[in-house]
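Read the structure below first, then the notes.
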Amino acid sequence: MPTQEPPGSGNTSGAGPSFPQSNAFVLQFASDSGPETGLFRGKVQHVASGEQISFQSTDELWAFIRGVLLGRIDGPSTLSGVLDEER
1211 MPTQEPPGSG NTSGAGPSFP QSNAFVLQFA SDSGPETGLF RGKVQHVASG EQISFQSTDE
1271 LWAFIRGVLL GRIDGPSTLS GVLDEER
């Protein structure tokens, strides 16, 4: 029996958006993060490149994701420059 792909999973049938691996990220939140504590920190990794950072705020998380997707982050040392540009 053939397996069905979920809608938008990268198929080329034209139904829904594609989700390329180059746009995939893995997030892991710290155990003390959450609405109860008001903390938002953890790790994020870009699947295709393996680049990863620890983040302490939504600003740092989004700066990393934007930087990777725009091709402005090519290693951990460039993240601080991207964060400075975002502010």
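All letters in the sequence shown, in the order written, are residues 1211 to 1297 by this note's numbering. From the three backbone atoms N, C-alpha and C, an ideal C-beta is built for every residue, glycine too.
Restricting to Cα atoms, I'd like to know which of R1282, Q1266, G1260, A1258 is closest to S1241. Reading the sequence shown from its first residue, position 31 is the one you call residue 1241. That would be Q1266, whose Cα lies nearest to the Cα of S1241.
Would DSSP call S1232 helix, strand or coil? Counted from its first residue, the sequence shown places residue 1232 at position 22. For S1232, the secondary structure class from DSSP, reduced to helix, strand or coil, is helix.
Look at the Cβ atom of G1260, then the Cβ atom of L1237, and state whether they are nearer than 8 angstroms. The residue you call residue 1260 lines up with position 50 of the sequence shown. The residue you call residue 1237 lines up with position 27 of the sequence shown. For the 8 angstroms CB-CB criterion, G1260 and L1237 do not form a contact.
So, helix, strand or coil for G1226, using DSSP? In the sequence shown, residue 1226 corresponds to position 16, counting from 1. Taken through DSSP and simplified to helix, strand or coil, G1226 comes out as coil.
Can you give the Cα-Cα distance for G1244 and R1276, rounded to whole angstroms? In the sequence shown, counting from the first residue as 1, residue 1244 sits at position 34. In the sequence shown, counting from the first residue as 1, residue 1276 sits at position 66. Going by the C-alpha atoms only, they are around 23 angstroms apart.
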